[in-house]
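Below is one structure, written out as structure tokens; comments come after it.
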Amino acid sequence: MNTSMLLGKLSLDALPFYSPIAAAGAAVIVFGGLGVIALITWLRAWPYLWREWFTSTDHKKIGMMYVGLALVMLMRGFVDALMMRAQQAMAMNAEGYLTPDHFQQIFSSHGTIMIFFMAMPFLFGLMNYVVPLQLGARDVAFPLMNAISFWLTAAGAALVMVSLVIGVFSTGGWSGYPPYTELSYSPTVGVDYWIMALLVSGVGTTLGAINLVVTIYKMRAPGMKLMQMPLFCWTALCASLLAVFALPGLTVAAGLLGLDRYLGMHFFTNDGGGNVMNYANLFWIFGHPEVYILILPAFGIFSSVIPTFSQKKLFGYNVLVYATMCIAVLSFTVWLHHFFTMGADANVNAFFGIMTMVIAVPTGVKVYDWILTMFRGRLRFDTPMLWSIAFIVTFVIGGMTGVILAIPPLDYVFHNTLFLIAHFHNMLIPGVLFGLFAGYAYWFPKATGFPLDEAWGRRAFIFWVVGFYLAFMPLYALGFTGAPRRMAYYDQPEWQIYFVIAAIGALSVLAGIICQVIQLVVSIRNRDRTTSFAGDPWGGQTLEWATSSPPPEYNFAVLPRVNSLDAFEEAKESGQPYVWPEKYDPIEVPRNSMTGVLLGGTSFVLGFAAVWHIWWLAALSLLGVIGIVIARSFATDTTRFISADEVKAHESRWRTAVLAQGKASS
Amino acid sequence: MTDQPNQHPGINISHARPEDGRHTEVTVFGFWTFLMSDAIIFALLFATYATMVNRTAGGPTAAELFDITNAFIETIVLLASSFTFGMGAVALKEGRVGGVRLWLVVSLVLGLVFIGLELREFAGLAARGATAQASGFLSSFYVLLSTHGLHVLFGCLWIVVMLAQISVFGLNRQVRSRILRLGLFWHFLDLVWIVIFTVVYLPAVAT
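So the protein lines, in turn, are chains A and B.
Residue numbering for the first sequence follows the working numbering, starting at 521 and increasing by one per position.
Residue numbering for the second sequence follows the working numbering, starting at 82 and increasing by one per position.
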């Protein structure tokens, strides 16, 4: 490929006319993007979006933007999944409709998106929104850094999306193993897009995790001890600590791979003294804790939802805290089980196999705690609870297949087959995604003031659960018969029926997603009837429900004093759930800042320029990033005060709503 | 907030400057957390170096290449800069603007001398054909050292920015807190260098 000074490797060849399907995908992105821009312009919503959202440093708005980003990326990642299922359903002794190269791009972007740009932002969104409220804090420790984290994550997601239109994406899977991803085997820009997207968003995630760690250690309400935090805060703490310690593994792995590709070094090459096993170790030293970064907060969500809808206190809070900490520590001791077959000593494999089974123990403890929370409770089956119950049942199945894979001799048989694919989807879909959906339904009325439509939520739930079983149970069977993962086509006639069933399952999930879109539309349309400002629709136990819905920018007019677990439940039992003093003080909040958007935008340009070797632009945007940070460090007037009158007006409006609701129910 | 919960031993300065306490409590703890993450990056680069040190692909080995004298001078320069920064911290505590400026400038100069010495060493190695592309061993050597070197360069830039902020704002609360964190960063880089000296240079001489 020719390179020019001005445009690097970028030329018209980068446009996706190599296949009509890729071109159609690009067209959807381009016209969809233009459509959204046109709609916003037509609604004249740009100033509103800029003022209220893009430049906001309010943890609640940033949390909602994270969730919005995650939902968009969920659509993209799911379309990838649907395309794979369709390809494999029809590719028996045939080529199907995708070229192998295109199929590889799709499974690579599916994995990358679902882990890094769907699950991670979704979790960070919920943690961002809920953790400060549950702690009785007014914001996270570093509100501006929070905005920067979000915009860097968005920049990484944008790089993946742009690869669909300009150039290609990686064909090396979400884990990007060399030597295949080295320049000699993957000469296109695909792997570079993957590296840059992960490095840019990785910085954002690290900053976001540091922010949550400091918030949880330092910003708790007066009197709240660590063992009086809601369990969701504990899981957020553990997940954030894991991110602080584990993400460097990804940064180093992707960075060194990039140095091989850009500067011709020999970290993971076949020749020149490279060592590919270093990559596997570095990547999974990050990759396995990553699994727990994803799943621990989801455990926290279930630990919030199940007690609320069982109308009981969480069973075994202390044990759950210790189990969470155990999992967090043990998660650093199992990474080698991702490559048992790569030639480690039998004793090494045995050690990591045993550690993998050990980590199932605290997880099992948690499952029993949730079941015992429900035991003799007065259960209400609202959608968050439905997701939680489906999680418990399905997750246990996935856990057991995990124990099978943890046995090295069995792993030798199952590795690289669809059994593995079935296993980790069986962990991550019920474990993480159902948890996210439960949290989404549970906290939606807190964030917006109106609940999600229950009927459409149930429909979505049924389609999702049925679709999940149909889509992934056949993959276990296929794995038993030796069907490898990542096949573009095959010639075993007996496999096809399973792939067809799996494709039907994917269609059922599609129906579930459509129901969720309808649910959102219906809920928004009915909001005049369903809106409740009072703020405690479920009978919650923790402090986020002790605010109006949506909460004011400052969260709490008077910081609550906490001296027990489940502070709001305790306050309700004492008969004094709300504090409305006679006199209010002005409250200091951070001003809006465009620093986050600017840094995200500049980092996107930096990543894009590096992908295409446009060095003048990369240097310029790097200087831009440094310049923006330095310029911001000279800003002085960074906070403003919400006047006591304004606070009082909001609080009395909320008080009226709470009292009106109390009358209606009594 | 009237009461001061959630203090961590060792990093709070509330006893000396109560008005700074709340602010630094949060920001300094956040910076420590960042340094831990950064320390893991270096740990992984050290581990990578340790596994690559014999992967010379027929090229020059560590024992043939490294010059302990230069590394020793670099060590002295960097340790001296840590000392001078410490003098700056004392001046900061006593509120002497001139002293802070002086010691920051001295630390900056020492930092730049260190970078110059490192670049001279790199140029010398490259002239003997020992480039980062020559072998896996040299790739890991250059990346480990330049990651540290870039950190030092970043620290130098940070000193320049702080000198400018002292001129604009004087030693206000923000500036004091930032110099405190810059100090943590600067000493952290010293610590990393001592490990580099021990892991990279000393074994090369010992064999």
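Think of the CB as a built atom: it goes at the ideal place given N, C-alpha and C, for glycine as much as any other residue.
All values derive from a computational prediction rather than experimental measurement.
Exercise for the section: Buried or exposed for A/L814, please, with buried defined as at least 16 other CB atoms from any protein chain shown within 10 angstroms of its CB. Expected result: buried
Practice task
Return the residue from the list A/K745, A/Y960 and A/F871 that minimises the CA-CA distance to A/I821.
Solution key: A/Y960
Problem - CB contact flag (A/A870, A/A1054, <7 Å) - result: no
Exercise for the section: Round the Cβ separation of A/F835 and A/D889 to the nearest angstrom and send it over; I've been treating them as touching at under 8 Å. Expected result: 5 Å
Exercise for the section: Check B/S258 in the structure and name its three-state DSSP category. Expected result: helix
Handout entry: Whether A/G793 touches B/S216 by CB criterion (7 Å)
Key = yes
Handout entry: Near-chain B residues of the region 779-794 of chain A (beta-carbon distance less than 9 Å), N- to C-terminal order
Key = L779, D780, L783, G784, M785, H786, F787, F788, T789, D791, G792, G793 and G794
Problem - Start-to-end residues for the beta strand (DSSP E) that takes in A/F1161 - result: T1159 to I1162
Problem - Any chain A beta carbon closer than 7 Å to B/F110 - result: yes
Exercise for the section: Measure the alpha-carbon distance for A/S760 versus A/T726 and round it to whole angstroms. Expected result: 8 Å
Practice task
Give a yes or no on contact between the region 1132-1147 of chain A and the region 1076-1093 of chain A, applying the rule of three or more CB pairs nearer than 8 Å.
Solution key: no
Practice task
Please state if the CB of B/F269 and the CB of B/L116 are separated by a distance shorter than 7 Å.
Solution key: yes
Practice task
Give every residue of the same chain whose Cβ lies closer than 7 Å to the Cβ of B/T83, excluding the five residues on either side of it in the sequence, and list them in chain order.
Solution key: Only weak support exists for where B/T83 lies, its pLDDT of 40 falling under 50; the value from the coordinates is given anyway. Contacts found: none.
Handout entry: Minimum Cβ-Cβ distance from A/V733 to chain B less than 7 Å
Key = yes
Practice task
Mind listing the chain B neighbours of A/S851? Cutoff is C-beta to C-beta under 8 Å, in chain order.
Solution key: Correct list: empty, because the minimum Cβ distance to chain B is about 14 Å.
Exercise for the section: Label A/Q654 either buried or exposed according to how many other C-beta atoms from any shown protein chain fall within 10 Å of its C-beta, with 16 as the threshold for buried. Expected result: buried
Handout entry: Same chain, Cβ closer than 8 Å to A/L527, neighbours up to 5 away in sequence not counted
Key = W1132 and I1134
Practice task
Could you check if B/G91 is buried or exposed, using at least 16 other CB atoms within 10 Å of its CB as the buried criterion?
Solution key: With a pLDDT of 47 at B/G91, under the threshold of 50, the predicted position of this residue should be treated as unreliable, and no value is reported.
Practice task
Report, in whole angstroms, the separation of the C-beta atoms of A/V688 and A/Q607, which I expect to be a contact under 8 Å.
Solution key: Not quite, the Cβ-Cβ distance comes to about 17 Å (not below 8 Å), so this is no contact.
Problem - Contact under 7 Å by Cβ, A/G710 with A/S690 - result: yes
Exercise for the section: Determine the DSSP secondary structure at A/I1107, reduced to helix, strand or coil. Expected result: strand
Practice task
Could you tell me whether the Cβ atoms of A/F803 and A/A773 are closer together than 7 Å?
Solution key: yes
Problem - Pair within 7 Å by beta-carbon distance, A/T903 and A/G977 - result: yes
Handout entry: Beta carbon proximity, B/L125 to chain A, threshold 7 Å
Key = yes
Practice task
Have a look at A/S721 and A/M640 and give me their C-alpha separation to the nearest angstrom.
Solution key: 10 Å
Practice task
List the residues of chain A whose Cβ lies closer than 8 Å to the Cβ of B/T137, in chain order.
Solution key: G793
Handout entry: Whole-angstrom C-beta distance between A/M585 and A/W566, which should lie under 8 Å
Key = So it is not a contact: roughly 16 Å between Cβ atoms.
Handout entry: Local conformation of A/Y649 per DSSP, three classes
Key = helix
Handout entry: Straight-line gap, A/D578 to A/P1110 (C-alpha atoms, nearest Å)
Key = 8 Å
Problem - Of the residues A/L732, A/D1056, A/C1035 and A/A864, the one placed nearest A/Y932, counting alpha carbons only - result: A/A864
Practice task
Report the partner residues of A/S524 according to the DSSP bridge assignment.
Solution key: A/G528
Exercise for the section: Spell out whether any CB of chain A is found under 7 Å from the CB atom of B/G91. Expected result: Residue confidence is low: B/G91 scores 47 on pLDDT, short of 50, so the model does not pin down where it sits. Its coordinate-derived value is still stated next. No, B/G91 does not count as interfacial toward chain A.
Problem - Every unbroken alpha helix (DSSP H) within the region 531-609 of chain A, with a cutoff of 4 residues, ordered by chain - result: 540-562 and 566-569
Practice task
Have a look at A/A980 and A/I826 and give me their C-alpha separation to the nearest angstrom.
Solution key: 20 Å
Exercise for the section: Write down the C-beta distance between B/Q255 and A/G784 rounded to the nearest angstrom, noting that I regard them as a contact closer than 8 Å. Expected result: The Cβ separation is near 44 Å, so there is no contact.
Exercise for the section: Tell me where the alpha helix (DSSP H) around A/G959 begins and ends. Expected result: F954 to T968
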